[in-house]
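Protein chains: 2
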Amino acid sequence: MPSPQDSAITSSRSKITPERAQEFYEAVLTLLREGGYDALTMEGVAALSRCGKSTLYRQWGTKPQLVACALRGSKAATIADIDTGTLSGDLRQVAQALGADAGHDTPLMHAVSQAALQNPELMEALREALIVPAAAAFDAMLARGVERGEIAADNPAREFVAAQLMGAMRARPMLEGKNADAAYLTRFIESALFPALGLTKSP
Amino acid sequence: MPSPQDSAITSSRSKITPERAQEFYEAVLTLLREGGYDALTMEGVAALSRCGKSTLYRQWGTKPQLVACALRGSKAATIADIDTGTLSGDLRQVAQALGADAGHDTPLMHAVSQAALQNPELMEALREALIVPAAAAFDAMLARGVERGEIAADNPAREFVAAQLMGAMRARPMLEGKNADAAYLTRFIESALFPALGLTKSP
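In the order they appear, the protein sequences are chains A and B. Each residue of the first sequence is one higher than the last, beginning at 1 in the numbering used here. Each residue of the second sequence is one higher than the last, beginning at 1001 in the numbering used here.
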């Protein structure tokens, strides 16, 4: 299914269809899972998706940008799409969405974010494609909660919601050897986020 | 300064002094910072610390175990040493200890934990040397808080304290492009952990 991001890329830069872009993204993700970021080459992506390297460079510019777009394209649902009418409902849905991706996405994101720490260009591409939009979506979600009177505007825990969710996803595999699935993340938001934000479990 | 772990290794396995072990650990950390986990070799460590490879194998057994011990040895203070008499005081001290390491340790730990996701032997060595002891130290810290009547025994946020602190350290560099220093971690525990645990800011 074409996503808004794919359409934007398609219309602004070339005649690649969203479906074809998705094939490139799948090739990128396959190669990342197999060998990590450093081993991935534009040649490898081109070979796996049976196109010329120049197509990739024309469309995405650089390897960091291609990788960032592929990771964004692999998300089933974005945080920005969530709007249930209550903040606790929104956060529960975030737990479902992130937990659904956890099985295959966590090792992938670990691999890429580690590479990003040693590669400023990749870090910038990831921030632009994934992190800044997600953080803005959390801010908007919390602002709606403030508007509806569900949390105080000056609640100091607001600053840490995105970091806590991103952190819990990364920490559980290390601590417990298990992915942060939807059940874990739901327990996490209800036990740790809700009390800090002053929310109750009932929606 | 010799740490208890170094002494244990020294007495049980060989005649290497704690000071000499520390030199090996420094060599390991230098090589990890330069090239990451995969590029590190026992030969490289031996060359940099001017010893024979066999010394390393005799002392630490395997590369994963050497790396795990080097990371443990690099910690200025362990969580297990913290005992201020109050849970909020203990957690504040955790924020100081983790924040002090953040500048140089975060990229290093990212690099190694990423490698661990694709290397079960390294994951096991890290869990044994670092993660299980840290998680146990948090459990003991929280149990003391329960005994002193500072938090309820069935407080559901207890489960997530270690994951939240580990997570916040990893998430901030991605979200904000900054290390999780002591000021950030202190703000984090006071704004997010304390309310979930039912602790107040005053100790």
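Note that beta-carbon positions come from the ideal geometry of N, C-alpha and C, so glycine has one too.
Exercise. Since P156(A) is in the alpha helix (DSSP H), which residue starts that stretch and which ends it?
Worked result: The residue given as residue 156(A) occupies position 156 in the first sequence. Unbroken run through P156(A): none, as it is neither H nor E.
For this session: Have a look at A135(A) and A125(A) and give me their C-alpha separation to the nearest angstrom.
Result: As a first step, residue 135(A) must be located in the first sequence, where it is residue number 135. As a first step, residue 125(A) must be located in the first sequence, where it is residue number 125. Their backbone Cα atoms lie some 15 Å apart in a straight line.
Exercise. At least one CB of chain B closer than 8 Å to the CB of P156(A): is that the case?
Worked result: What you label residue 156(A) is simply residue 156 of the first sequence in a count that begins at 1. For P156(A), the answer is yes, since a Cβ of chain B falls inside 8 Å of its Cβ.
For this session: Would you mind telling me which residues of chain B sit closer than 9 Å to Q65(A), beta carbon to beta carbon, in chain order?
Result: Counting from one through the first sequence, the residue named residue 65(A) turns up at place 65. Those do not exist, as Q65(A) stays about 17 Å from chain B at its closest Cβ, beyond 9 Å.
Exercise. Can you tell me whether G89(A) is buried or exposed, with buried defined as 16 or more other CB within 10 angstroms of its CB?
Worked result: Within the first sequence, numbered from 1, the residue matching residue 89(A) stands at position 89. Flag for G89(A) reads exposed.
For this session: Report the residues of the segment 1127-1139 of chain B with a CB closer than 8 Å to any CB of chain A, ordered along the chain.
Result: R1127, I1131 and A1135
Exercise. Per DSSP, what kind of secondary structure is L71(A) in: helix, strand or coil?
Worked result: By one-based count along the first sequence, residue 71(A) stands at place 71. If DSSP states are grouped into helix, strand and coil, L71(A) belongs with the helices.
Exercise. With a cut-off of 8 Å, does the C-beta of G1167(B) fall near any C-beta of chain A?
Worked result: The residue given as residue 1167(B) occupies position 167 in the second sequence. G1167(B) counts as touching chain A.
Exercise. Does R170(A) have its Cβ less than 8 Å from a Cβ in chain B?
Worked result: Here residue 170(A) refers to the residue found at position 170 of the first sequence. True, the Cβ-Cβ gap to chain B drops below 8 Å.
For this session: Could you tell me which of R1127(B), F1188(B) and P1195(B) sits nearest to Q1093(B), measuring between CA atoms?
Result: The residue given as residue 1093(B) occupies position 93 in the second sequence. Selected option, being the one with the closest Cα: F1188(B).
For this session: Within the same chain, show all residues whose beta-carbon is closer than 7 Å to that of D181(A), passing over the 5 residues directly before and after it, in chain order.
Result: If you number the first sequence from 1, residue 181(A) lands on position 181. Within the same chain, D181(A) has close Cβ partners G99 and A102.
Exercise. Does any residue of chain E bring its CB to less than 8 Å from the CB of Q1022(B)?
Worked result: Protein chains A and B are contained in the structure displayed, whereas chain E is not.
Exercise. For chain A, is any of its Cβ atoms less than 8 Å away from the one on Q1096(B)?
Worked result: The sequence position of residue 1096(B) within the second sequence is 96, counting from 1. Not one chain A Cβ lies under 8 Å of Q1096(B).
Exercise. Can a CB atom of chain B be found closer than 8 Å to the CB of S204(A)?
Worked result: This structure does not reach residue 204(A), given that chain A is present from 1 up to 203, and the question cannot be answered.
Problem set entry | Spatial distance of G198(A) from E150(A) (CA atoms) | By 1-based counting over the first sequence, the position of residue 198(A) is 198. By 1-based counting over the first sequence, the position of residue 150(A) is 150. Those two C-alpha atoms are separated by around 8 Å.
Problem set entry | Own chain residues within Cβ distance below 8 Å of G85(A), not counting five before or after | Your numbering for residue 85(A) matches position 85 in the first sequence. Cβ within range, chain order: n/a, list empty.
Problem set entry | Given 8 Å, three or more beta-carbon pairs between the segment 1014-1022 of chain B and the segment 164-182 of chain A | no
Exercise. Under 7 Å Cβ-Cβ, which residues of chain A neighbour P1195(B)?
Worked result: Here residue 1195(B) refers to the residue found at position 195 when the second sequence is read from its first residue. Correct list: A157, P195 and A196.
Exercise. In the structure shown, what three-state DSSP assignment does T1186(B) receive?
Worked result: Taking the first residue of the second sequence as 1, we reach residue 1186(B) at position 186. If DSSP states are grouped into helix, strand and coil, T1186(B) belongs with the helices.
For this session: Kindly indicate which residue of A111(A), A97(A), W60(A) and T62(A) has the alpha-carbon position closest to the one of T30(A).
Result: Translated into positions along the first sequence, residue 30(A) becomes position 30. Checking every option, the nearest Cα to that of T30(A) belongs to A111(A).
Exercise. Thinking just about the alpha-carbon of each residue, which of M174(A), V45(A) and P195(A) is nearest to the one in P1120(B)?
Worked result: Taking the second sequence and counting its residues from 1, the one referred to as residue 1120(B) is at position 120. Comparing Cα-Cα distances from P1120(B) to each of M174(A), V45(A) and P195(A), the minimum goes to M174(A).
For this session: Quick one: using the 10 Å Cβ neighbour count with 16 as the cut-off for buried, is V50(A) buried or exposed?
Result: For the purposes of this step, residue 50(A) is taken as residue 50 along the first sequence, with counting starting at 1. It should be noted that the sequence gives Arg, not Val, for residue 50(A). By the 10 Å Cβ count, R50(A) comes out exposed.
Problem set entry | Buried versus exposed, by CB contacts within 10 Å (16 or more), S1054(B) | Here the question's residue 1054(B) lines up with position 54 in the second sequence. When all chains shown are included, S1054(B) counts as exposed.
Exercise. Anyone know if the C-beta pair for V161(A) and L193(A) falls short of 8 Å?
Worked result: Counting from 1 along the first sequence, the entry for residue 161(A) is found at position 161. Counting from 1 along the first sequence, the entry for residue 193(A) is found at position 193. Yes, Cβ-Cβ distance for V161(A) and L193(A) is below 8 Å.
Exercise. Thinking C-beta only, is A1163(B) closer than 8 Å to A95(A)?
Worked result: Counting from 1 along the first sequence, the entry for residue 95(A) is found at position 95. Counting from 1 along the second sequence, the entry for residue 1163(B) is found at position 163. Going by C-beta atoms, A95(A) is not nearer than 8 Å to A1163(B).
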